[in-house]
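Here the structure is laid out as C-alpha cells; the discussion comes afterwards.
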Amino acid sequence: MTQQTQKIVALVDGSLYSTSVCDHAAWISQRTGAPVELIHVLGRREAPEKQDLSGAIKLGARTALLEELAELDAQRARLISHRGRAILEDARSILDKAGVTDITTRLRHGDIVEAVAEVEADARVVLIGKRGEAADFAKGHLGSNLERIVRASHKPVFVASRAFQPIAKILVAYDGGISAMKAIDHIARSPLFRGLAIHVVTVGNETAEVAKGLENARALLKAAGIEAETSVLPGQPETALGRLVEEEEFDMLVMGAYGHSRIRSLIIGSTTTEMIRSCKVPVVLMR
Numbered sequence: 029m030t031q032q033t034q035k036i037v038a039l040v041d042g043s044l045y046s047t048s049v050c051d052h053a054a055w056i057s058q059r060t061g062a063p064v065e066l067i068h069v070l071g072r073r074e075a076p077e078k079q080d081l082s083g084a085i086k087l088g089a090r091t092a093l094l095e096e097l098a099e100l101d102a103q104r105a106r107l108i109s110h111r112g113r114a115i116l117e118d119a120r121s122i123l124d125k126a127g128v129t130d131i132t133t134r135l136r137h138g139d140i141v142e143a144v145a146e147v148e149a150d151a152r153v154v155l156i157g158k159r160g161e162a163a164d165f166a167k168g169h170l171g172s173n174l175e176r177i178v179r180a181s182h183k184p185v186f187v188a189s190r191a192f193q194p195i196a197k198i199l200v201a202y203d204g205g206i207s208a209m210k211a212i213d214h215i216a217r218s219p220l221f222r223g224l225a226i227h228v229v230t231v232g233n234e235t236a237e238v239a240k241g242l243e244n245a246r247a248l249l250k251a252a253g254i255e256a257e258t259s260v261l262p263g264q265p266e267t268a269l270g271r272l273v274e275e276e277e278f279d280m281l282v283m284g285a286y287g288h289s290r291i292r293s294l295i296i297g298s299t300t301t302e303m304i305r306s307c308k309v310p311v312v313l314m315r
C-alpha cells in the first residue's frame, strides 16, 4: 500500500477523548485523503468471568444455578458487544458529519496492542486518546495502553488532546537522533503538514553539531517546499518544550520516540508521561 492510500487507524472507547480522536482523524483525512478505520477493542478484562459461584449445594439446584450463571455471562457478553458497536456507530457519525466518506469500523476482542499490530501494516498513523475510560482525571493519569502502543507500534502514534482545536502551528522537538530525523522526513513527505507553520527546536546547549543538525533539518524541509524556523532552547526537554508550546501557542508537538540525548528519556522513562500529560495539545510520536 502506498502512503496515500494507507488508513488512519483511530482507537475509540467510551471516554470523552473518543470525540477528540474522531475529530483529529477527520482533520488528518481531509488533509491527506486517507480513509479512516475505527477500532474498538473489547479487552480481556471485559470477557465473561469463568468463576464457579455454585458452592457446595445439592446437585439439582447446583445445575440450575450453573445454567442461570451461564445465561448471565452470555447476556453480559452480548451487552458489552452491543455497547462496543454503539461506540463505533457514534464515532462513525462524527466522521460522517465532518465530511469523511471512506470509513470502516472494526470490533475486536483481546489485547489492544495485538489489535493494533494486526492492522498497522496498512496504517499511516495510529490515533489514541491521551486518557482512556479508566483514567483517573483527578490524578492526571494517562491511559494505561498509551505507552504500550507507543513502544509496540512501528507507525507514528498521534496522541489526541482532550478536545480538538484548529491546527496551524507545529513544534518539532529535534535531537538529531534517528527517530527525530524520521520525524523531519515524515513531515517533508506528508501532505498533512503542507501550509502549516513548522518550528524545529533542539533543547540544550548550542554547539556546532546542534547548529548543523538544525540546518540539515531546515534544508530537508525547504527542499519539500516547507519553510521552517529553527532554534535552540536552553533547559530540560520535559519543562522547556511544554513551556514553549504554551507560551508560543503551538497547536501540536511532533517528536521522535527514541533519541540519543536527554530527549531519549521522554519516551523511555517517566518523562514522556510527564511531557504528554503537561502538553495540552496533540503529541505525535515517531519511531
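Numbering (our numbering), first residue to last: 29 to 315. Glycine is no exception: its CB is placed at the ideal position from the N, C-alpha and C atoms.
> Thinking C-beta only, is V273 closer than 8 Å to A256?
Replying inline: no
> What span of residues does the beta strand (DSSP E) with R136 cover, start to end?
Replying inline: I131 to H137
> Within the chosen definition, does the region 220-240 reach the region 193-210 through at least 3 CB pairs nearer than 8 Å?
Replying inline: yes
>> Tell me which residues share the same chain as R111 and place their Cβ nearer than 8 Å to its Cβ, disregarding the 5 neighbours each side in the sequence.
In response: G42
> Among A149, R152 and A196, which has the Cα closest to the Cα of M280?
Replying inline: A196
> Count the other CB atoms within 10 Å of the CB of L294; is the residue buried (16 or more) or exposed (fewer)?
Replying inline: Note that L294 scores a pLDDT of 47, beneath 50, so its modelled location is shaky and nothing firm can be said.
>> So, at 8 Å on beta carbons, what are the nonlocal neighbours of I122 in its own chain, with the 5 sequence-adjacent residues on each side left out?
In response: T47, C50, D51 and A54
>> Please classify S181 as buried or exposed, where buried requires at least 16 neighbouring CB atoms within 10 angstroms.
In response: buried
> If you pair each beta-carbon of the region 143-154 with each one of the region 94-103, do three or more pairs fall below 8 Å?
Replying inline: no
> CA-CA distance, E243 and G223?
Replying inline: 20 Å
> Can you tell which of M209, E277 and A268 has its C-alpha closest to the C-alpha of A225?
Replying inline: E277
>> With H, G and I counted as helix, E and B as strand and the rest as coil, what does DSSP make of A151?
In response: strand
> Measuring CA to CA, which of V37, V40 and T60 is closest to F221?
Replying inline: T60
>> Taking the beta strand (DSSP E) that A256 belongs to, which residues open and close that run?
In response: A256 to L261
>> With distance defined between alpha-carbon atoms, name the residue in E275, V231 and F186 nearest to G263.
In response: V231
>> Taking its Cβ as the centre, do 16 or more other Cβ atoms sit within 10 Å of N233, making it buried, or is it exposed?
In response: exposed
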